[in-house]
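For my numbering, count along the sequence shown from 1 and bump the result up by 1. Every residue gets a Cβ at the ideal spot worked out from N, C-alpha and C, and that includes glycine. Computed from a predicted model, the values in this text were never measured in an experiment.
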Amino acid sequence: MVRASLLASVLAGWVATAVAAPAEGASVVASSEPSSSDGAGGSDAARYILYFDKWHTSILPNKTMTTNITHVIMAFAEPLAFTTDPIGEYEPHMELDKVREMFDENVKISMAIGGWDFTVGFSEGVRSPETRALYAKNIADTVKRLGYDGVDIVIDWEYPGGHGADSKQVPINPSEAEAYPLLLAEIKKAIGDKELSVAVPGLERDMMAYTAENVHSINAVVDYVNVMTYDLLNRRDTVSGHHSGIKNSLAAIDTYIERGFPASKLNLGIRFYAKYFTLKDPKHDGTDAGTSGFLTFEPSSFPAVVDTSLLTLSPDKTCGIHKGYTCGNMCCSQWGYCGTSDSFCGVGCQRNYGRCHPVTVGPKPLSESFKEAFENGIEDVENGGQWYVDRQASLFWTWDTPALVERKFAEIIAARGLGGIMAWSLAGDSYDWRLLAAMQKGVEKMGLV
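So, in structure tokens, the structure goes:
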């Protein structure tokens with residue numbers, strides 16, 4: 002293994018210099034260029050981290066594709082479970098012994114607490130010294146009970162001081178942001194020599210809890226920081242751009258370094274999905290029109306020819322291309338579950354495995370637009386993003402390619418001396434594993450083996 006501070010020299014020959022015109026309508030923040038600083042603390046060895054979420058488990062990579070992964074983060078435990086005495090129920094979505102079998106012998110299995118839709122539990126846990134102590138004790142007890150060894154505890158609070166999934170509101174909880182470092186300190190004290198990490202936003206407007214003062218306190222207790230350098234374009238925006246571009250990702254990294262995190266503690270985030278946005282929103286009152294979303298790089302996201310006469314009715318409400326079950330008169334969601342609401346029957350609904358509602362994001366199935374974009378995408382070399390405009394469907398697509406992942410190793414990880422790379426999430430690239438392979442190639446060049 003190599004120290005994170007050596008990454009720049011290891012990858013010095015990788016930096017790309019070509020320049021091209023930016024994507025049509027692109028609005029990408031230019032990055033500042035502070036000098037690289039490794040800072041103090043953090044792990045000595047480079048980190049290669051994959052989230053493993055409970056929604057994508059049907060097609061998983063074999064061990065040739067998971068070689069050298071250092072950390073696997075099981076997502077998610079619901080924050081509310083840790084607020085009560087006795088503690089609430091939580092079990093990982095796969096037995097840890099089975100998870101370990103998919104990776105190298107020394108992999109660390111960690112527990113992610115939180116996620117976009119689960120903020121209430123953190124708000125309760127952070128409220129007072131008593132609630133913080135109980136919260137931390139419950140986490141430590143859970144880690145011990147389940148046998149997480151050498152684990153990281155990832156507090157994925159999106160975002161302290163904000164409104165979680167209700168992103169249209171202006172943040173109004175400064176007390177949460179102020180108490181956040183106190184909660185982390187209490188957790189670190191409770192878990193002892195287990196690693197503690199945090200997942201942090203990539204957009205500066207979401208960094209309410211990460212002031213320079215708070216970063217100083219947080220840095221004192223965390224072992225590493227997963228920077229979510231994706232979703233940098235979302236439903237709050239009105240101008241097209243890259244959701245995980247190199248320039249806007251670098252700007253996020255530079256902001257955290259400027260606020261006090263050592264570069265060696267930061268892990269660059271990659272996401273295994275493309276995002277789409279309707280070019281002209283039919284609603285003009287600021288409400289979410291439901292005309293944006295994402296598709297993972299899984300087989301279920303692409304068009305497929307299916308002999309429906311061979312399908313059997315689902316016995317357990319699972320369905321779709323991975324299971325071979327149909328939902329009959331119900332809808333089969335993008336995630337492979339039967340249901341009747343818009344989340345099952347709308348965007349991403351698998352038409353061959355049940356009924357679907359008309360998708361309002363365009364005149365053709367979303368999967369066909371995605372396939373067209375996937376096969377005809379254009380690289381914005383200057384800003385570092387892949388894009389495509391489907392004019393028939395009036396959709397703008399934005400995503401990463403293997404070539405862009407390779408550039409990120411050189412232009413961000415090496416250039417800033419970062420401690421590693423992470424991705425959301427393990428099975429999201431199962432169409433052909435091209436992004437996971439690009440990460441594996443980059444990690445090997447980092448000197449992990």
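Three-state secondary structure assigned by DSSP to residue i
| i | result |
| --- | --- |
| S301 | helix |
| A113 | strand |
| V171 | Residue placement at V171 is poorly supported in this model, since its pLDDT is 45, which falls under 50; the coordinates still yield a value, given next. Residue state, collapsed to three classes: coil. |
| T313 | strand |
| V127 | coil |
| S6 | Since pLDDT at S6 reaches only 34, below the 50 mark, its modelled position is unreliable, and the value read off the structure follows with that caveat. Three-state result, S6: helix. |
| Q441 | helix |
| D391 | strand |
| T361 | Here the model assigns T361 a pLDDT of 46, short of 50, so the residue's position is not dependable and the matter cannot be decided. |
| A82 | helix |
| R48 | strand |
| I88 | coil |
| A27 | For A27, the pLDDT reaches just 36, beneath the cut-off of 50, and the residue's location in the model is therefore unreliable, although a value from the coordinates is still provided. Three-state result, A27: coil. |
| S198 | strand |
| M103 | coil |
| F410 | helix |
| F77 | strand |
| A210 | coil |
| K372 | helix |
| T58 | coil |
| D232 | coil |
| D255 | helix |
| D473 | Nothing about residue 473 can be reported from this structure: the residues present for the chain run from 2 to 450 only. |
| D308 | coil |
| N63 | coil |
| R417 | helix |
| G122 | helix |
| M447 | helix |
| A22 | Note that A22 scores 30 on pLDDT, short of 50, meaning its location in the model is unreliable; the coordinates nonetheless yield the value given after this. It is coil, neither helix nor strand. |
| Y149 | coil |
| P182 | helix |
| R237 | coil |
Supposed close pair residue i, residue j - CB separation, criterion 8 Å
| i | j | result |
| --- | --- | --- |
| I413 | L280 | 29 Å between Cβ atoms; not a contact. |
| C346 | C357 | 5 Å |
| L147 | P93 | 7 Å |
| M447 | I50 | So it is not a contact: roughly 13 Å between Cβ atoms. |
| S370 | A394 | 5 Å |
| V222 | A186 | 5 Å |
| H323 | S129 | Their Cβ separation, rounded to whole angstroms, is 45 Å, which puts H323 and S129 out of contact at 8 Å. |
| W434 | M95 | Not a contact, Cβ separation roughly 19 Å. |
| L311 | Y326 | No, L311 and Y326 are not in contact; Cβ-Cβ is about 11 Å, not under 8 Å. |
| D391 | E373 | 6 Å |
| Q335 | G355 | Actually they do not touch by this definition, with Cβ atoms about 12 Å apart. |
| H244 | T399 | 5 Å |
| R133 | L183 | 6 Å |
Beta-bridge pairing of residue i - partner residues as DSSP gives them
| i | result |
| --- | --- |
| I219 | DSSP, once it has assigned bridges, lists no residue as partnering I219. |
| K276 | F295, T399 |
| M423 | I50, G270 |
| T319 | Y338 |
| H243 | Paired residue(s): none; H243 is not in a bridge. |
| H72 | I50, K109 |
| N227 | A200, N268 |
| E380 | Q387 |
Near the ligand GTP: residue i beta-carbon under 7 Å from a heavy atom
| i | result |
| --- | --- |
| A178 | For the ligand GTP, the structure offers nothing, since it holds no ligand at all. |
Ignoring anything shorter than 4 residues or poking outside the region 322-350, list the alpha helix (DSSP H) runs there in chain order.
343-346
Contact between the region 186-193 and the region 228-245 is defined here as three or more beta-carbon pairs at a separation below 8 Å; is this criterion met?
no
Inter-stretch contact (C-beta, 8 Å, three-pair minimum) for the region 93-107 and the region 126-146:
no
May I ask you to verify whether the region 384-401 touches the region 217-228, counting CB pairs closer than 8 Å and requiring at least 3?
Because the criterion of three Cβ pairs below 8 Å is not met, the region 384-401 and the region 217-228 do not touch.
Under 8 Å: do the region 257-273 and the region 401-419 share three or more Cβ pairs, one atom per stretch?
yes
Is it a yes or a no for the region 64-80 touching the region 108-127, going by three-plus beta-carbon pairs under 8 Å?
Output reads yes: the region 108-127 touches the region 64-80.
Pair every Cβ in the region 175-189 with every Cβ in the region 203-213, then say whether three or more of these pairs are closer than 8 Å.
yes
Taking 8 Å as the threshold, find out whether the region 398-407 comes into contact with the region 429-442 through three or more Cβ pairs.
Judged by Cβ distances under 8 Å, the region 398-407 makes contact with the region 429-442, as three or more pairs qualify.
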